[in-house]
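Enquirer:
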Amino acid sequence: MVSALQVMLLKIKMRYAEGIGLDMKANINISIPKDVEIILNRIMEEGGQAYVVGGAVRDAILGRPVNDWDVATSLHPDDIERIFSFARTIPTGKRYGTITVIIKDMPVEVTTFRGEGQYSDFRHPTQIAFLSDIIEDLSRRDFTINAMAYNPYLSEPLIDPFDGLGDLSQKLIRTVGQAERRFAEDPLRIMRGIRFCAQLGFKMEENTFKAAQAHHHLLSRISPERIRDELNRIMIVPDPFEPLMLLYEAGIFEVILPEELSQQLTHASQLAFKAIMLCNAHGVLRLAALYCCALAHQGTRAGGDATNSQTLELSDKIMLVEQSLRQLRYDNKTIRRVTQLVSHFPMQFSSDKDQAAYQIRKLLGHLGVEDTFHLLELKRAYLLAAGQKEQSERIAALTSMAHEILARGDALTLSQLAINGHDVMAAGIGIDDPRDIGKALKQAYEWVLRKPEWNDKMLLLSKLKELYKGNDDEQKK
Numbered sequence: 021m022v023s024a025l026q027v028m029l030l031k032i033k034m035r036y037a038e039g040i041g042l043d044m045k046a047n048i049n050i051s052i053p054k055d056v057e058i059i060l061n062r063i064m065e066e067g068g069q070a071y072v073v074g075g076a077v078r079d080a081i082l083g084r085p086v087n088d089w090d091v092a093t094s095l096h097p098d099d100i101e102r103i104f105s106f107a108r109t110i111p112t113g114k115r116y117g118t119i120t121v122i123i124k125d126m127p128v129e130v131t132t133f134r135g136e137g138q139y140s141d142f143r144h145p146t147q148i149a150f151l152s153d154i155i156e157d158l159s160r161r162d163f164t165i166n167a168m169a170y171n172p173y174l175s176e177p178l179i180d181p182f183d184g185l186g187d188l189s190q191k192l193i194r195t196v197g198q199a200e201r202r203f204a205e206d207p208l209r210i211m212r213g214i215r216f217c218a219q220l221g222f223k224m225e226e227n228t229f230k231a232a233q234a235h236h237h238l239l240s241r242i243s244p245e246r247i248r249d250e251l252n253r254i255m256i257v258p259d260p261f262e263p264l265m266l267l268y269e270a271g272i273f274e275v276i277l278p279e280e281l282s283q284q285l286t287h288a289s290q291l292a293f294k295a296i297m298l299c300n301a302h303g304v305l306r307l308a309a310l311y312c313c314a315l316a317h318q319g320t321r322a323g324g325d326a327t328n329s330q331t332l333e334l335s336d337k338i339m340l341v342e343q344s345l346r347q348l349r350y351d352n353k354t355i356r357r358v359t360q361l362v363s364h365f366p367m368q369f370s371s372d373k374d375q376a377a378y379q380i381r382k383l384l385g386h387l388g389v390e391d392t393f394h395l396l397e398l399k400r401a402y403l404l405a406a407g408q409k410e411q412s413e414r415i416a417a418l419t420s421m422a423h424e425i426l427a428r429g430d431a432l433t434l435s436q437l438a439i440n441g442h443d444v445m446a447a448g449i450g451i452d453d454p455r456d457i458g459k460a461l462k463q464a465y466e467w468v469l470r471k472p473e474w475n476d477k478m479l480l481l482s483k484l485k486e487l488y489k490g491n492d493d494e495q496k497k
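Structure follows, in structure tokens:
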């Protein structure tokens, strides 16, 4: 029995054989690096077919920089290793037909045309069949804009069987063939499609998005690392609002976030996504902005209702944030930084200038310079997203204050104090109880945070002696 895909491929091949519909494609002229040209020519000299494929073709047509060049060929991986014996080759994924050829330090993945069977692990096909037909090879790819092939030495240099060029001109992300089948093979393609929307400023074709909504639950079977990597790429695009809304409308946050957090996002999605958009494109900062949705709406415990439930405490919410980040396999440093930003997000700054300066110095010492500015940016972004311009301007003033503090060189950490433990001991503090040394240093640190001009060795030791003498006198009474 002939499948619908086979019928479609037959029609496409007939169209190409008759030269129908190729007018636009004949005018495409892509500049290919010399090393890639060497690979194409060497393969053709050996009687094989060779094309630049995938993202390189897409980005070159769009006038975007091309970072990776991939070549598809009719030759077997063993033949590729043989004919490029003069260069360095790496059997990157030889089982799947891929050999990396390195000429003059430029790596190019060369992959044999292939057809694929079922995807039992939602990533790798259970069967691989090496083919001799470029159109059949392109038919297995995810989106039409990635299913084009180019060879400048052919009379028709661009092979575009699924009208990827048309979708590029219409700024559409559309699957090759049935979207349901493509997403069932590898559900991560849903997030990849949304990521392409984000990076290229495209829209997802209607039926493709409907299939994404219908199959979003399959993402629960995808490894957390792959989901995390796609989320990271989406989060740092210049304008992430629309792609984040696509993730939300497709139901993807229901799968990749704990239930309690996805419920919070339901109530605060517009606010959270606007805040993310207003933050600089820094991974940690925008992740924190996403997870601050847990604090932007007063939610309830799982299983609770609006009338009889216990409100989630801040500590519970921070634990949920940490749990979510760990489930997505973020590294410990990222988890620590994001959770600290989220936990400090509710912090209220004093209207008193001296007290606010103390708070800023304490934050700079505790969070570090970069994340203190991230916290201020995070708070300002949420205020702007909520339309609270006056309050956001106050945060802007605090940001200027932080810059002034750094410019003055105020002490921000214990290590920046004018005294150390040896000085404290030499002053006679901590001889009877060594724990007093640490307490004395913390007290001096607190003084200096409030009054930076007190960071003087003689002054601090004098005040500590006075303090501890008073304590001793009080104990003697």
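Counting along the sequence shown from 1, when you hit position 381 you're at 401 in the working numbering, and nothing is skipped either side. Glycine included, C-beta positions come from ideal geometry on N, C-alpha and C. A quick note: this is a predicted structure, and the numbers were derived from the prediction, not measured.
Does the contact criterion of 3 or more C-beta pairs under 8 Å hold for the stretch 281–288 versus the stretch 231–240?
Expert: no
Enquirer: How would you call Thr-228, buried or exposed, if buried means at least 16 neighbouring beta carbons within 10 angstroms?
Expert: buried
Enquirer: Is Arg-215 helix, strand or coil by DSSP?
Expert: helix
Enquirer: How long is the line joining the alpha carbons of Asp-206 and Arg-161, rounded to whole angstroms?
Expert: 11 Å
Enquirer: Using only alpha-carbon positions, find the residue among Arg-78, Asp-125, Met-367 and Ile-110 that is nearest to Asp-180.
Expert: When only C-alpha atoms are compared, the closest one is Arg-78.
Enquirer: Leaving out five residues on either side along the sequence, give the residues of the same chain with a beta carbon under 8 Å from the beta carbon of Lys-477.
Expert: Ala-438, Ile-439 and Asp-443
Enquirer: Would Ile-193 and Phe-150 qualify as a contact pair, given that the criterion is a beta-carbon distance under 8 Å?
Expert: no
Enquirer: Compare the C-alpha of Ser-243 against each of Ala-314, Arg-253 and Gln-347 and name the closest.
Expert: Gln-347
Enquirer: Mark Arg-115 as exposed unless 16 or more other C-beta atoms lie within 10 angstroms of its C-beta, in which case mark it buried.
Expert: Arg-115 comes out exposed.
Enquirer: What is the residue span of the alpha helix (DSSP H) that Arg-248 lies within?
Expert: Looking at the DSSP string, the run of the alpha helix (DSSP H) that includes Arg-248 is 244–255.
Enquirer: Are the CB atoms of Gln-233 and Gly-271 within a distance shorter than 8 Å?
Expert: Closer than 8 Å, so yes.
Enquirer: Should Trp-89 be flagged as near chain B, meaning a C-beta pair shorter than 8 Å?
Expert: Within the model displayed, chain B is absent; a lone protein chain is all it includes.
Enquirer: Just to confirm the assignment: which complete alpha helix (DSSP H) runs, minimum length 4, are found wholly within the stretch 65–115?
Expert: 75–82 and 97–103
Enquirer: Per DSSP, Met-126 forms a beta bridge with which residues?
Expert: Ile-123
Enquirer: Check whether the stretch 62–76 touches the stretch 89–97, taking contact to mean three or more Cβ pairs, one atom from each stretch, closer than 8 Å.
Expert: yes
Enquirer: If we call anything under 8 Å between Cβ atoms a contact, is Phe-216 one with Phe-163?
Expert: yes
Enquirer: In the DSSP assignment, what residue or residues form a beta bridge with Ile-193?
Expert: For Ile-193, the beta-bridge partners assigned by DSSP are Met-224.
Enquirer: Report yes if the C-beta distance between Pro-97 and Gly-117 is below 8 Å; otherwise report no.
Expert: In contact: Pro-97 and Gly-117 (Cβ atoms closer than 8 Å).
Enquirer: Per DSSP, what are the beta-bridge partners of Leu-178 in this structure?
Expert: Tyr-170
Enquirer: For Val-128 and Ile-50, I'd like the C-alpha separation in whole angstroms.
Expert: A direct Cα-Cα distance of roughly 17 Å separates Val-128 from Ile-50.
Enquirer: Starting from the Cα of Leu-220, find the closest Cα among His-302, Arg-356 and Ala-80 and give me that residue.
Expert: Ala-80
Enquirer: Thr-131 to Arg-246, Cα distance in whole Å?
Expert: C-alpha separation (whole angstroms): 22 Å.
Enquirer: Quick check on the DSSP output: the beta strand (DSSP E) that includes Ile-148 runs from which residue to which?
Expert: Run containing Ile-148: 148–150, per the beta strand (DSSP E) assignment.
Enquirer: For Pro-263, is the classification buried or exposed, using 16 other Cβ atoms within 10 angstroms of its Cβ as the cut-off for buried?
Expert: buried
Enquirer: Here's the rule I'm using: 16 or more other beta-carbon atoms within 10 Å means buried, otherwise exposed. How should Asn-166 be labelled?
Expert: buried
Enquirer: Alpha carbon to alpha carbon, how far is Ala-431 from Asn-300? Give it in angstroms, no decimals.
Expert: 28 Å
Enquirer: Are at least three pairs of beta-carbons, each pair with one atom in the stretch 391–406 and one in the stretch 459–477, less than 8 Å apart?
Expert: no
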